[in-house]
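Counting from 1, one number per residue, gives the positions in the sequence shown under UniProt numbering.
Below is one structure, written out as structure tokens; comments come after it.
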Amino acid sequence: MSLSMFSQRAVQLSTRRLAATSAFSRTITPLAIATGQHIQYRPAATATVPTATADTILAAQRRNRPVSPHLTIYKPQITWIGSSLNRITGVYLSGIFYIFGIAYLAAPTIGWHLESASLAAAFASWPIIAKVFTKVMLAFPFTYHSLNGVRHLVWDTGAAFTNKQVIVTGWTVMGLAGLSALALAFL
1 MSLSMFSQRA VQLSTRRLAA TSAFSRTITP LAIATGQHIQ YRPAATATVP TATADTILAA
61 QRRNRPVSPH LTIYKPQITW IGSSLNRITG VYLSGIFYIF GIAYLAAPTI GWHLESASLA
121 AAFASWPIIA KVFTKVMLAF PFTYHSLNGV RHLVWDTGAA FTNKQVIVTG WTVMGLAGLS
181 ALALAFL
């Protein structure tokens, strides 16, 4: 930056600062806003208050704060439903895996029989509706999470990432997961 440009810039900045701090600057707000060179002027005053009073003031301020919007005000869309369902199915599957794994390891100590033959015999004694329900509750999260994982891998390549393609693949994964879960439940 040359010396003349530097001096011009210094004059401009000092003039703006002078205009912003003068009493006259508050009367030309529309002009300052129109030129994009407005500066907010807010005098700040502080006072020391006892802790109990400060807590009361803070509680009153918190009551006046807006509440964050809840999911019920938004229109449901396949993008956030699918994303939520992917996370939920992942937690569900890993939870089942860890709970059964710990129970299987602790079974001999506790006296439970979690061997394959015992589980198959117990499952065979259930009514048919309970069997189908259990199979669907295990198959749907697995199929959905797996198919949605493939969908995300395709996205990682940069393919199928337009809004329309995301919506179409979301409904496709949802439908395929439902159909494959029912197919697995009736095997």
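Quick reminder that beta carbons are idealized off the backbone N, C-alpha and C, glycines included.
It should be emphasised that the depicted structure is a prediction, and the values quoted were computed from it without experimental measurement.
If you compare the alpha carbons of Leu-114, Gln-8, Ala-10 and Pro-66 with that of Gly-101, the shortest gap goes to Leu-114.
Around the beta-carbon of Ala-159, fewer than 16 other beta-carbon atoms lie within 10 Å, marking it exposed. Shown here, Gln-165 sits in a helix according to DSSP, grouped into three states. In chain order, Leu-93 place their CB closer than 7 Å to the CB of Phe-142, counting only its own chain and leaving out the 5 sequence neighbours on each side.
Leaving aside the five residues that flank Lys-135 on each side, the residues in its chain whose CB is nearer than 6 Å to its CB run, in chain order, Ala-185. Secondary structure of Val-154 (DSSP, three-state): helix.
Val-173 and Val-154 have their C-alpha atoms roughly 13 Å apart. Ile-78 sits away from Gly-178, with the two beta carbons spaced by 7 Å or more.
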